[in-house]
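A quick write-up on the structure given underneath.
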Amino acid sequence: MPPAGSLTDKQLHFFDANGYLVLGSFSSAEEVKAMRDRMAVLIDGFDGAGDVFSTKDHRQVKNDFFFKSAENISFFFEEKAFGDDGCLKQAKELSINKVGHALHELDPVFKKFSFGENVSSLFSSLRYKRPAVIQSMYIFKQPGIGGEVVPHQDNTFLYTNPPSCTGLWLALEDATKTNGCLWAIPGSHKNGLKRRMIRDENDTHFDHPSPTYDLKEFVPLEVKSGDLVVIHGDLVHQSFENLSLVSRHALSLHG
Numbered sequence: 055m056p057p058a059g060s061l062t063d064k065q066l067h068f069f070d071a072n073g074y075l076v077l078g079s080f081s082s083a084e085e086v087k088a089m090r091d092r093m094a095v096l097i098d099g100f101d102g103a104g105d106v107f108s109t110k111d112h113r114q115v116k117n118d119f120f121f122k123s124a125e126n127i128s129f130f131f132e133e134k135a136f137g138d139d140g141c142l143k144q145a146k147e148l149s150i151n152k153v154g155h156a157l158h159e160l161d162p163v164f165k166k167f168s169f170g171e172n173v174s175s176l177f178s179s180l181r182y183k184r185p186a187v188i189q190s191m192y193i194f195k196q197p198g199i200g201g202e203v204v205p206h207q208d209n210t211f212l213y214t215n216p217p218s219c220t221g222l223w224l225a226l227e228d229a230t231k232t233n234g235c236l237w238a239i240p241g242s243h244k245n246g247l248k249r250r251m252i253r254d255e256n257d258t259h260f261d262h263p264s265p266t267y268d269l270k271e272f273v274p275l276e277v278k279s280g281d282l283v284v285i286h287g288d289l290v291h292q293s294f295e296n297l298s299l300v301s302r303h304a305l306s307l308h309g
């Protein structure tokens with residue numbers, strides 16, 4: 055039986071046309087459990103020294119903690135995790151927005167998935183000649199306080215010339231419209247990259263203002279635990295706040 059990442063011509067055509075592709079049962083229940091259990095251990099050992107993550111004003115692009123996380127396993131809190139007194143309103147395991155961005159390099163459980171046969175086969179099917187995972191994030195989308203991710207294109211933040219970014223978004227829990235699943239504009243990758251984040255010796259900034267999008271153009275990408283969403287680097291996608299009572303854990307890789 056071929057690896058889950060081996061794409062058919064029909065799947066490749068859908069991805070090329072729409073800019074995304076959902077692969078059902080990409081990871082086994084055992085593999086998903088191993089990653090969730092491992093993250094629970096990492097959270098248990100976390101001393102509480104982290105930063106707040108938000109996509110609303112992109113203040114993190116000027117933050118050394120954020121950039122240094124590219125080579126570390128760093129913890130980012132939800133914006134709404136803290137009360138007026140500056141203390142967490144709930145347990146730390148219910149307060150973390152995400153953990154990143156080098157899980158794929160530094161943790162054996164996440165490294166096993168990131169460099170496993172399924173992921174390798176998928177990148178080969180997408181016609182990568184020398185694929186490399188450059189970023190990994192464990193995203194919690196906490197119940198009640200899970201922050202929104204505003205509409206964006208991954209190539210804005212992970213630009214190469216020529217553009218080469220592809221996102222792999224693995225559901226570690228069921229993702230629904232209720233608990234903050236992904237939403238995307240089908241075919242929006244064909245319109246090209248709208249803006250870039252630029253970092254030089256003086257500053258980090260964007261070369262153009264953020265575009266506005268018609269919310270009616272977005273479609274929900276509801277998936278089951280173990281399903282994988284493949285995301286073109288120019289695809290416009292987002293997720294809303296999680297106001298439900300259940301979390302929406304996911305692992306995101308960019309290559």
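Position in the sequence shown (first residue = 1) + 54 = this note's numbering.
The C-beta atom is built at its ideal place from N, Cα and C for all residues, glycine as well.
Reduced DSSP category for residue i - H, G, I as helix; E, B as strand; rest coil
i	result
I199	coil
F80	coil
S293	strand
A304	strand
N151	strand
L299	coil
T109	Reliability fails at T109, whose pLDDT of 48 lies under 50, so the model's placement of it is uncertain and no value is given.
Alpha-carbon spacing of residue i relative to residue j, whole angstroms
i	j	result
M93	G59	24 angstroms
V284	Q144	33 angstroms
V273	I239	6 angstroms
S174	P185	8 angstroms
D228	V76	13 angstroms
V187	L305	13 angstroms
V277	L226	10 angstroms
F169	L307	11 angstroms
G198	S301	8 angstroms
R90	S298	20 angstroms
A88	S82	10 angstroms
D254	M191	24 angstroms
L262	C219	Note on identity: in this sequence residue 262 is His, with Leu being the wrong assignment. Approximately 20 angstroms between the Cα atoms of the pair.
H67	C235	24 angstroms
Same chain only: Cβ atoms within 6 angstroms of residue i, ignoring 5 sequence neighbours per side
i	result
H286	G73, H243
E147	I97
Sequence-distant residues of the same chain with beta carbon closer than 7 angstroms to residue i, five excluded per side
i	result
F80	A58, N172, L224, G280, D281, L282
F129	F100, G104, I150, V153
E125	A156
E85	F167
Other residues of its chain near residue i: CB distance less than 8 angstroms, five sequence neighbours each side excluded
i	result
D161	R92, L96, I127
P217	N209, L247, G287, D288
Strand pairing of residue i, partner residues [DSSP]
i	result
S128	G154
P57	The partner list for P57 (beta bridge, DSSP) is empty, contrary to what the question assumes.
H286	T220
F136	L142
L75	V284
List in chain order: all unbroken beta strand (DSSP E) runs of 3+ residues lying wholly within the region 202–261. 203–206, 220–225, 236–238, 251–253, 258–260
Where are the alpha helix (DSSP H) runs, 4 residues long or more, that stay fully inside the region 156–200, in chain order? 157–160, 162–168, 171–179
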